[in-house]
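Everything on this sheet refers to the single structure shown next.
Residue numbers (this note's numbering), protein chains in the order written: chain Y, 152 to 374; chain F, 3 to 222.
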């Protein structure tokens with residue numbers, strides 16, 4: 152059942168790719184402007200890099216949330232999905248599709264931004280890039296999962312973009328802190344296992360609770 | 003629910019149902035029985051709560067009070083199989099603009115039948131229904147490219163492609179030409195002959211469709 156839902160999501164997204172490209176473009180543009188605005192020197196950029204890349208990734212995810220559930224809610228198909236399958240599986244398929252279409256591309260693009268921000272500078276450069284990708288792999292799904300809960304809670308409110316931001320940014324902050332500090336630790340040649348483990352723990356907790364919570368909230372929003 | 007043993011009615015039975023919308027009570031302690039092989043016409047003015055009642059019977063809008071039973075079991079009970087048996091066509095057509103007609107219809111059929119359907123014969127069925135509806139050959143057109151009437155026909159095609167035992171139809175006759183109204187009336191009667199339960203709303207009396215039961219919703 153989840154597979155049927157997922158296939159539909161991906162098909163709709165393929166026909167509507169511009170909407171998905173905007174957050175990615177935003178991500179690239181924000182990060183690529185920093186070397187121009189601050190300084191192209193490696194030590195300066197390296198200091199800023201983890202924070203800048205993670206903030207940009209977080210904002211890009213926030214920007215993409217607008218598409219979560221919204222069009223399905225407006226054209227009435229969300230109602231049909233909830234009638235014909237369980238709310239949790241609707242949420243799971245949406246979250247999975249959303250991560251594949253926004254989170255995964257962010258991860259794939261991040262080495263490019265690592266070059267721009269001079270993260271790959273020096274002998275240990277490539278391992279820093281790997282750490283950045285790993286932190287995004289563990290962090291972005293959590294952003295998707297939390298965002299799904301926020302979106303499903305506020306679906307019935309018109310102009311819910313602002314409301315969602317206020318609601319979930321406080322929840323995003325811990326992920327931002329540990330995501331960015333993972334990369335910082337790696338750049339300073341310190342151990343980063345602890346930070347990664349915490350990111351992983353956040354992800355596991357979110358996987359357990361968020362689809363269920365999002366599904367329940369969808370039921371309420373539609374009712 | 004402990005009362006469920008007491009219910010003697012087959013089909014859909016709403017017991018002491020209270021429904022409200024935006025703090026306004028639309029229906030209070032109403033009993034409603036939709037027996038197998040009956041067609042029920044739900045009438046009422048705009049805003050009287052026809053759609054809310056339908057959404058409540060479809061399990062989308064929680065009732066303030068009361069229980070809806072399907073074949074003697076509460077609809078929320080997994081054993082009732084209600085959501086397998088129900089097709090609820092709302093006013094919104096629930097189709098994606100980004101998908102073709104065939105993709106939209108195939109998605110819903112696969113979701114209902116949990117993929118246990120022969121895709122080739124499903125495609126044939128879709129072509130057949132669309133031909134009957136006078137939009138044959140448009141399977142691969144994007145849903146967004148159709149006219150309002152044609153889009154409405156696509157939503158109705160679901161009734162023929164998904165097996166069900168109860169249809170709840172919100173304004174199914176709106177936007178339809180004479181020929182399609184006749185088609186829908188025929189199909190509804192055929193569904194009734196097979197033991198189906200039908201509940202529909204309409205602003206106008208539908209001459210083509212003889213009704214077994216009239217239910218009115220009124221403003222206070």
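Positions of the beta carbon are idealized from the N, C-alpha and C atoms, including for glycine.
Remember, it's a predicted structure, so these values are computed and weren't measured experimentally.
Any contact of the stretch 202-212 of chain Y with the stretch 343-359 of chain Y, i.e. 3+ C-beta pairs under 8 Å? no
Less than 8 Å between the C-beta atoms of residue 323 of chain Y and residue 333 of chain Y, yes or no? It is not a contact, given that the beta carbons lie outside the stated cut-off.
For residue 38 of chain F, which of F/208, F/206, F/197 has the nearest alpha-carbon? Ranked by Cα distance from residue 38 of chain F, the first of F/208, F/206, F/197 is F/197.
Can you list the residues of chain Y that residue 95 of chain F reaches, using a CB-CB cut of under 8 Å? 226, 227
Considering only the beta carbon of each residue, do residue 139 of chain F and residue 177 of chain F sit closer than 8 Å? no
Report the three-state DSSP secondary structure of residue 269 of chain Y (helix, strand or coil). If DSSP states are grouped into helix, strand and coil, residue 269 of chain Y belongs with coil.
Taking the alpha carbon of residue 298 of chain Y as the reference point, which residue from Y/277, Y/171, Y/365 has its own alpha carbon closest? Y/365
Range of the contiguous beta strand (DSSP E) that encloses residue 177 of chain F: For residue 177 of chain F, no beta strand (DSSP E) segment is defined, and its DSSP state is neither H nor E.
Compute the Euclidean distance between the alpha carbons of residue 195 of chain Y and residue 102 of chain F, then round it to the nearest angstrom. Just so you know, the alpha carbons of residue 195 of chain Y and residue 102 of chain F end up roughly 52 Å apart.
Can you look up residue 27 of chain F in the DSSP assignment and give me helix, strand or coil? strand
Helix, strand or coil, according to DSSP, for residue 193 of chain F in the structure here? In the structure shown, residue 193 of chain F adopts helical secondary structure according to DSSP, grouped into three states.
Measure from the C-beta of residue 304 of chain Y to each C-beta in chain F and report whether the shortest distance is under 8 Å. no
Same chain, Cβ closer than 7 Å to residue 3 of chain F, neighbours up to 5 away in sequence not counted: The predicted model places residue 3 of chain F with a pLDDT of 45, which falls under 50 and marks its position as unreliable; any figure quoted below should be read in that light. The answer, listed in chain order, is 69, 76.
At a Cβ cut of 9 Å, what residues of the stretch 219-249 of chain Y count as close to chain F, listed as they run along the chain? 222, 223, 225, 226, 227, 228, 229, 230, 231, 232, 233, 234, 235, 236
Bridge partners for residue 326 of chain Y per DSSP, in chain order? According to DSSP, residue 326 of chain Y bridges with nothing at all.
So which residues on chain F does residue 452 of chain Y lean against when the C-beta distance must stay under 7 Å? Outside the shown range of chain Y, which is 152 to 374, sits residue 452 of chain Y, and nothing can be said about it.
Quick check on the DSSP output: the beta strand (DSSP E) that includes residue 215 of chain F runs from which residue to which? 215-219
Can you give me the C-alpha to C-alpha distance between residue 160 of chain Y and residue 97 of chain F, rounded to a whole angstrom? 13 Å
Could you tell me which chain F residues have their CB closer than 7 Å to the CB of residue 166 of chain Y, listed as they occur along the chain? 100
Below-8 Å beta-carbon distance, residue 6 of chain F vs any chain Y residue: Below a pLDDT of 50, predicted positions are generally treated as unreliable, and residue 6 of chain F, at 49, falls in that range; no measurement from the model is reported.
Taking residue 199 of chain F and residue 40 of chain F to be in contact with their CB atoms under 8 Å, please state how far apart those CB atoms are, rounded to whole angstroms. 7 Å
Taking Cβ-Cβ distances below 7 Å as the criterion, which residues of the stretch 116-134 of chain F are in contact with chain Y? 116, 117
Would you mind sorting residue 149 of chain F into buried or exposed? The rule is 16 or more other CB atoms within 10 Å of its CB. exposed
Per-residue contacts from residue 162 of chain Y into chain F (C-beta, under 8 Å): 100, 101, 105
Proximity of residue 157 of chain Y and residue 247 of chain Y at Cβ, strictly below 8 Å: yes
N-terminal and C-terminal residue of the beta strand (DSSP E) that residue 244 of chain F is part of: The displayed coordinates of chain F run from 3 to 222. Any statement about residue 244 of chain F would go beyond what the structure contains.
Chain F contact residues for residue 159 of chain Y, given Cβ-Cβ distances below 7 Å: 109
In three-state terms, what does DSSP make of residue 84 of chain F? helix
If you measure beta-carbon to beta-carbon, which residues of the stretch 46-60 of chain F are closer than 7 Å to chain Y? So the close ones are 60.
Mind checking the stretch 251-267 of chain Y against chain F and listing, in chain order, the residues whose C-beta falls within less than 7 Å of any C-beta there? Of all residues in the stretch 251-267 of chain Y, none has a C-beta nearer than 7 Å to a C-beta of chain F.
Return the CA-CA distance between residue 217 of chain Y and residue 211 of chain Y, expressed in angstroms with no decimal places. Taken atom to atom, the span from the alpha-carbon of residue 217 of chain Y to that of residue 211 of chain Y is near 11 Å.
So, is the C-beta of residue 85 of chain F closer than 8 Å to a C-beta in chain Y? Chain Y places a beta carbon closer than 8 Å to that of residue 85 of chain F, counting this residue as a contact.
Verify the CB distance criterion: does residue 198 of chain Y have a CB-CB separation below 8 Å to chain F? No, no contact with chain F.
Considering only their Cβ atoms, is the gap separating residue 59 of chain F from residue 170 of chain F smaller than 8 Å? yes
Taking only the alpha-carbon atoms, compute the straight-line gap between residue 179 of chain F and residue 135 of chain F and give it to the nearest angstrom. 10 Å
I need the boundaries of the alpha helix (DSSP H) containing residue 187 of chain Y, first residue and last residue. 168-188
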